[in-house]
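Some notes on the structure that comes next.
Residue numbers (the numbering used here): 15 to 240.
Given below as structure tokens:
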């Protein structure tokens, strides 16, 4: 009698386990077997802040989806399978993400690199004398914002520190053409001529411009004697 009762208990347990696994299997199939579903996700930057107004495009489709104030986005009726998600946002590097959409519960998180982060990394690399890394970050920044003042300034500083003085001057000249009239820019140009290219006469007008805006005895002493 006791043996029979044990057998019955074992049978009940086995049936319960079978029922549980069957339910789990059905649940998994419920989410993974579909032709199309809504994909939700979030776009944020390298500082973990949401990217507002990021534009998302699926594969070669013309339709564009946009992230909201919290960086969230919704792509309705996305077909199951592999997709390329193209993302762009002002002030950030564009990105292409490969997505294998196989579960309707999937949430896609996309991280974009901001121009500000690129410039911060470039400054850090310059401080640590990592010239190639600094140049890479600066060039990536200029691809995002071709006329970015900070990027041009950093590129000029990089060329100066690697003794590419002619190229350095080109960057300072770009800033002048953009309308920058800082006395410190004049001093940068003067330093490049005098110390880099060893041409104190070329430095003179820039030293004079600096002194028109900012009196400094040590700078005045650098003026060539007539």
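Cβ coordinates follow ideal geometry from the N, Cα and C atoms, glycine included.
Whole-Å CB distance - residue i paired with residue j, under 8 Å assumed
i           : j           : result
residue 138 : residue 126 : With 8 Å as the limit, residue 138 and residue 126 do not qualify as a contact, their Cβ atoms being about 20 Å apart.
residue 192 : residue 163 : 7 Å
residue 220 : residue 200 : 5 Å
When the options are compared against residue i, the one with the closest alpha-carbon
i           : options              : result
residue 131 : 54, 58 and 209       : 58
residue 88  : 99, 117, 101 and 54  : 54
residue 184 : 195, 196, 44 and 206 : 206
residue 178 : 209, 150 and 151     : 209
residue 154 : 174, 111 and 129     : 129
residue 60  : 93, 109 and 189      : 109
residue 78  : 69, 120 and 213      : 69
residue 225 : 99, 214, 237 and 215 : 237
Helix, strand or coil at residue i [DSSP, three-state]
i           : result
residue 234 : helix
residue 55  : strand
residue 69  : strand
residue 158 : helix
residue 128 : strand
residue 108 : coil
residue 44  : helix
residue 211 : coil
residue 37  : Confidence at residue 37 is low in this model, with a pLDDT of 48, below 50, so its placement is unreliable and the value that follows should be read with caution. Correct three-state label for residue 37: helix.
residue 143 : coil
Buried or exposed (CB count within 10 angstroms, at least 16 for buried), residue i
i           : result
residue 228 : exposed
residue 239 : exposed
residue 123 : exposed
residue 105 : exposed
residue 174 : buried
residue 101 : buried
residue 115 : buried
residue 103 : buried
residue 133 : buried
* **Continuous beta strand (DSSP E) assignments of at least 3 residues falling wholly in the stretch 77-101** => Listed in chain order, the complete beta strand (DSSP E) runs (minimum 3 residues) inside the stretch 77-101 are 86-93.
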